[in-house]
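Following: one structure in structure tokens, then a few remarks.
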Amino acid sequence: MVSDRGLEVLRVIVQDYVASREPVGSKTIVDRHSFGVSAATIRNDMAQLEDEELIAAPHTSSGRVPTDKGYRMFVDHLADRRPLNNAQRTAIETFLGASGDLDEVLHRTVRLLSQLTNQVALVQYPMFSRARVRHLELVSVTPNRVLAVIILDNGRVEQRLIETESPVEDDLISRLRSLCNEAVAGRPLLDAHDAIGDVPADIADLDRAAAVRIVDAVREQLSAQRQDRLVMAGAANLARTEDDFPGSIYPVLDAIEQQVVLLRLFGEMESERDSVVASIGRENASFGLETTSVLAGNYRSSGGEIARLGVLGPTRMDYASNMAAVRAVARYLSRILDAE
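Counting in the working numbering, the sequence shown runs from 53 upward without gaps.
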């Protein structure tokens with residue numbers, strides 16, 4: 053068992069190492085922190101921490117660095133629940149306060165979170181399984197191009213340009229618009245995709261091929277809204293901390309390019325509402341991210357869907373500050389989306 057003072061020694065080792073990237077020795081701890089004991093006593097505490105595999109010697113230096121297990125102990129039991137300062141709160145309100153559709157809001161969110169934490173920021177799109185279609189608009193752009201616009205009740209707007217093999221008359225577009233809205237307006241996405249499939253049957257034979265092409269494209273749009281996606285920003289921050297990644301940073305860059313990997317990781321990081329959870333180092337090995345830590349929290353879309361946002365970076369990160377930023381941005385994002 054680690055003593056209470058030993059846990060405090062672990063706390064300062066984590067904090068000092070994160071700040072300096074230099075292994076922390078007993079003399080440094082005595083000089084910088086008020087433990088009221090000798091360096092020899094601190095060395096005994098550090099030996100106990102090392103026996104518990106909470107710290108380790110990176111080389112022959114007398115200093116020690118936290119292990120993945122040490123970071124886990126710090127996050128679970130020692131990290132302060134740190135509030136954001138006034139400047140950070142103002143930045144969130146200013147950056148996210150402007151109105152916009154869901155795409156714009158989520159892209160602003162990852163840029164802000166990346167700036168606040170100096171890490172890679174990730175935001176998951178809501179799944180929209182409960183979202184309903186508010187309106188479907190079809191607009192002729194050219195004789196062979198139709199713009200399809202889907203508006204959901206959670207504020208999301210999706211546009212797609214549809215190419216047709218032959219010119220499409222305005223009367224057909226008007227007829228399709230009316231039939232499609234009759235079929236899908238007010239329906240959940242899960243139902244709308246199937247309901248719209250029978251629309252071409254009500255179109256005259258002469259125009260049916262064009263109607264099928266347009267309706268099939270709209271069904272693809274509806275299906276795409278049900279797929280899980282991520283928005284990411286700040287990958288350049290990894291390069292700034294390249295020395296924190298043993299060997300090479302490229303496996304990490306490869307892994308984060310695969311959204312399915314990050315979405316699976318998010319899915320396994322269970323958390324309660326308003327809490328921020330961490331997945332540290334070797335806990336991410338099965339995802340090819342064993343040299344990283346991921347912090348994730350929940351936000352709620354206007355349709356009531358729960359989705360994740362968070363940051364990814366090296367295990368040597370400022371967990372307390374980054375968790376506070378994730379928590380604050382998640383709460384603010386939920387308020388913005390709820391107000392739309």
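Idealized CB from N, CA, C, for every residue including glycine. No experiment lies behind these values; they were computed from the predicted model shown.
Alpha-carbon to alpha-carbon, residue j and residue i
| i | j | result |
| --- | --- | --- |
| residue 365 | residue 290 | 7 Å |
| residue 154 | residue 275 | 17 Å |
| residue 54 | residue 121 | 13 Å |
| residue 130 | residue 63 | 6 Å |
| residue 158 | residue 380 | 15 Å |
| residue 134 | residue 68 | 17 Å |
| residue 376 | residue 233 | 44 Å |
| residue 245 | residue 265 | 15 Å |
| residue 267 | residue 147 | 38 Å |
| residue 126 | residue 104 | 14 Å |
| residue 296 | residue 168 | 19 Å |
| residue 335 | residue 342 | 7 Å |
| residue 317 | residue 252 | 41 Å |
| residue 242 | residue 292 | 43 Å |
| residue 272 | residue 306 | 28 Å |
| residue 372 | residue 110 | 24 Å |
Cβ distance (whole Å) where residue i is taken to contact residue j below 8 Å
| i | j | result |
| --- | --- | --- |
| residue 82 | residue 94 | 6 Å |
| residue 263 | residue 255 | 4 Å |
| residue 199 | residue 229 | That pair is no contact at about 11 Å. |
| residue 51 | residue 369 | What is shown of the chain runs 53 to 392, which leaves residue 51 out entirely. |
| residue 359 | residue 178 | 5 Å |
| residue 71 | residue 162 | Not a contact, Cβ separation roughly 26 Å. |
| residue 77 | residue 114 | 5 Å |
| residue 188 | residue 270 | 7 Å |
| residue 340 | residue 303 | 6 Å |
Cut-off 8 Å between Cβ atoms - residues of its own chain near residue i, not counting five sequence neighbours on either side
| i | result |
| --- | --- |
| residue 61 | 81, 87, 94, 97, 98 and 101 |
| residue 107 | 62, 65, 98, 101, 116, 117, 118, 119 and 122 |
| residue 216 | 196, 197, 198, 262, 265 and 266 |
| residue 172 | 166, 284, 285, 286, 287, 289, 290, 308, 363, 364 and 365 |
Nearest residue (CA-CA) to residue i, options the options
| i | options | result |
| --- | --- | --- |
| residue 348 | 328, 358, 131 and 356 | 328 |
| residue 319 | 280, 372, 126 and 141 | 280 |
| residue 165 | 187, 179 and 141 | 141 |
| residue 201 | 195, 167, 236 and 298 | 236 |
| residue 196 | 219, 177, 212 and 179 | 219 |
| residue 193 | 187, 213, 204 and 176 | 213 |
| residue 389 | 89, 156 and 73 | 156 |
| residue 361 | 367, 322 and 204 | 322 |
| residue 312 | 176, 383 and 231 | 176 |
Residues near residue i in its chain [Cβ-Cβ closer than 7 Å; skip 5 each side]
| i | result |
| --- | --- |
| residue 314 | 174, 282 and 308 |
| residue 298 | 343 |
Same chain, Cβ closer than 6 Å to residue i, five either side skipped, listed in chain order
| i | result |
| --- | --- |
| residue 294 | 301 |
| residue 385 | 161 and 351 |
| residue 124 | 332 |
message = Check whether the segment 205-225 and the segment 247-264 are in contact - that is, three or more C-beta pairs closer than 8 Å.
response = Because the criterion of three Cβ pairs below 8 Å is met, the segment 205-225 and the segment 247-264 touch.
request  = For the segment 168-184 and the segment 197-210, state whether three or more C-beta atom pairs, one from each stretch, are separated by less than 8 Å.
outcome  = Verdict: yes, contact present.
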